[in-house]
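Data block below; observations after.
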Amino acid sequence: MSKDNLSLVITLGILSTIAGFIMLFFNVYFGNASAESWLINNGSDGLNYNVILKGYMNTYLVGGSILFVMGVLATVFGYHHLQLKKAIDLQLDESIQDREEEM
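Just so we're aligned: the sequence shown equals residues 415 to 517 in my numbering.
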(Lines of atoms letter the chains of each structure in order from A and count residues from 1; the text may use other names and numbers.)
(Lines give C-alpha, C1' and ligand atoms only; values in the text may rest on other atoms or scores of the structure.)
Protein backbone atom coordinates (compact mmCIF):
# COMPACT_ATOMS: atom_id res chain seq x y z
CA MET A 1 0.00 0.00 0.00
CA SER A 2 1.18 3.49 -0.70
CA LYS A 3 1.50 6.18 1.94
CA ASP A 4 -1.60 7.92 0.57
CA ASN A 5 -3.68 4.75 0.92
CA LEU A 6 -2.40 4.21 4.46
CA SER A 7 -3.27 7.80 5.35
CA LEU A 8 -6.77 7.19 3.98
CA VAL A 9 -7.10 4.01 6.07
CA ILE A 10 -6.05 5.93 9.19
CA THR A 11 -8.48 8.77 8.43
CA LEU A 12 -11.40 6.42 7.82
CA GLY A 13 -10.48 4.46 10.94
CA ILE A 14 -10.54 7.61 13.05
CA LEU A 15 -13.90 8.66 11.60
CA SER A 16 -15.32 5.18 12.20
CA THR A 17 -14.03 5.22 15.77
CA ILE A 18 -15.66 8.58 16.44
CA ALA A 19 -18.97 7.45 14.91
CA GLY A 20 -18.89 4.23 16.95
CA PHE A 21 -18.06 6.14 20.12
CA ILE A 22 -21.02 8.47 19.57
CA MET A 23 -23.34 5.55 18.89
CA LEU A 24 -22.11 3.73 22.00
CA PHE A 25 -22.65 6.56 24.42
CA PHE A 26 -25.78 8.04 22.89
CA ASN A 27 -27.59 4.77 22.18
CA VAL A 28 -30.32 5.68 24.67
CA TYR A 29 -31.00 8.99 22.91
CA PHE A 30 -30.93 7.47 19.42
CA GLY A 31 -32.97 4.45 20.53
CA ASN A 32 -35.56 6.68 22.19
CA ALA A 33 -35.88 8.86 19.09
CA SER A 34 -36.25 5.80 16.84
CA ALA A 35 -38.80 4.17 19.17
CA GLU A 36 -40.84 7.39 19.35
CA SER A 37 -40.81 7.60 15.58
CA TRP A 38 -41.98 4.00 15.40
CA LEU A 39 -44.73 4.74 17.93
CA ILE A 40 -45.92 7.76 15.93
CA ASN A 41 -45.98 5.81 12.67
CA ASN A 42 -47.64 2.65 14.05
CA GLY A 43 -49.85 4.18 16.72
CA SER A 44 -49.49 1.33 19.21
CA ASP A 45 -50.09 1.31 22.94
CA GLY A 46 -47.31 1.68 25.50
CA LEU A 47 -46.91 -2.05 26.11
CA ASN A 48 -44.89 -2.64 22.94
CA TYR A 49 -43.00 0.62 23.32
CA ASN A 50 -40.60 -0.76 25.95
CA VAL A 51 -39.77 -3.76 23.78
CA ILE A 52 -39.20 -1.55 20.72
CA LEU A 53 -37.13 0.91 22.77
CA LYS A 54 -34.89 -1.85 24.11
CA GLY A 55 -34.48 -3.28 20.62
CA TYR A 56 -33.43 0.04 19.12
CA MET A 57 -31.08 0.74 22.02
CA ASN A 58 -29.42 -2.64 21.56
CA THR A 59 -29.15 -2.05 17.82
CA TYR A 60 -27.30 1.22 18.32
CA LEU A 61 -25.17 -0.35 21.05
CA VAL A 62 -24.07 -3.27 18.86
CA GLY A 63 -23.61 -1.08 15.78
CA GLY A 64 -21.55 1.42 17.75
CA SER A 65 -19.42 -1.33 19.24
CA ILE A 66 -18.68 -2.80 15.82
CA LEU A 67 -17.83 0.60 14.33
CA PHE A 68 -15.65 1.51 17.29
CA VAL A 69 -13.65 -1.73 17.26
CA MET A 70 -13.25 -1.77 13.47
CA GLY A 71 -12.17 1.88 13.54
CA VAL A 72 -9.56 1.27 16.22
CA LEU A 73 -8.24 -1.78 14.36
CA ALA A 74 -8.06 0.12 11.06
CA THR A 75 -6.27 3.02 12.71
CA VAL A 76 -3.72 0.78 14.44
CA PHE A 77 -3.20 -1.29 11.26
CA GLY A 78 -2.72 1.81 9.11
CA TYR A 79 -0.39 3.49 11.57
CA HIS A 80 1.70 0.35 12.02
CA HIS A 81 2.11 -0.19 8.28
CA LEU A 82 2.86 3.48 7.74
CA GLN A 83 5.67 3.28 10.30
CA LEU A 84 7.02 0.11 8.66
CA LYS A 85 6.95 1.80 5.26
CA LYS A 86 8.84 4.81 6.65
CA ALA A 87 11.46 2.52 8.20
CA ILE A 88 11.93 0.63 4.93
CA ASP A 89 12.25 3.88 3.00
CA LEU A 90 14.81 5.13 5.52
CA GLN A 91 16.85 1.94 5.18
CA LEU A 92 16.73 2.21 1.38
CA ASP A 93 17.91 5.81 1.55
CA GLU A 94 20.80 4.83 3.83
CA SER A 95 21.86 1.94 1.57
CA ILE A 96 21.78 4.24 -1.49
CA GLN A 97 23.94 6.77 0.34
CA ASP A 98 26.38 4.05 1.37
CA ARG A 99 26.69 2.86 -2.25
CA GLU A 100 27.27 6.40 -3.46
CA GLU A 101 29.99 6.92 -0.87
CA GLU A 102 31.74 3.70 -1.92
CA MET A 103 31.90 4.84 -5.55
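Here a beta-carbon is modelled for each residue, glycine too, at the ideal position from N, C-alpha and C.
For residue j and residue i, the rounded distance between their alpha carbons
| i | j | result |
| --- | --- | --- |
| G457 | S451 | 10 Å |
| S453 | Y463 | In the sequence as displayed, the identity of residue 453 is Leu instead of Ser. For L453 and Y463, the distance between alpha carbons rounds to 7 Å. |
| L438 | L487 | 17 Å |
| S479 | G434 | 6 Å |
| M484 | S421 | 16 Å |
| N455 | L496 | 49 Å |
Residue i: first and last residue of the uninterrupted alpha helix (DSSP H) it sits in
| i | result |
| --- | --- |
| G445 | 441 to 456 |
Buried or exposed by the 16-neighbour rule on C-beta atoms within 10 Å, applied to residue i
| i | result |
| --- | --- |
| T489 | buried |
| M415 | exposed |
| Y443 | exposed |
| N419 | exposed |
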